[in-house]
Amino acid sequence: MIALGAAIAVLAGIGAGVGIGLATAKAVDAIARQPEAASKIQSALLIGCAMAEATAIYGLVIGIMIILFL
0 MIALGAAIAV LAGIGAGVGI GLATAKAVDA IARQPEAASK IQSALLIGCA
50 MAEATAIYGL VIGIMIILFL
């Protein structure tokens with residue numbers, strides 16, 4: 000039962016991976032349409048990717064805590 004809870008917590012990584020992939024695809028599309036706005040698009044993309052990756056790391060930490068402390 001503990002392993003199941005940890006696995007569910009780590010599933011947050013899948014959502015983060017899909018979110019980063021979609022954001023990158025949209026950013027590349029936007030840069031292709033307006034190359035002069037590349038720096039603004041890139042900075043917004045990096046902030047969004049960092050937030051999505053933080054979600055995955057939180058899921059990993061929670062999964063590890065479930066295994067170690069329960």
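Just so we're aligned, residue 0 is where the sequence shown starts under numbering that gives the first Met the number 0, counting upward by one. Glycine is no exception: its CB is placed at the ideal position from the N, C-alpha and C atoms. These numbers come from a predicted model, not from an experiment.
Sequence-distant Cβ neighbours of I63 in its own chain, meaning closer than 8 angstroms and more than five residues away, are A5. Note on geometry: alpha-carbon atoms of I65 and I1 lie some 7 angstroms from one another. If the five residues before and after I61 are omitted, its C-beta is found closer than 6 angstroms to the C-beta atoms of A8, all from its own chain and listed in chain order. Counting only the Cα atoms, T23 lies some 15 angstroms from P34.
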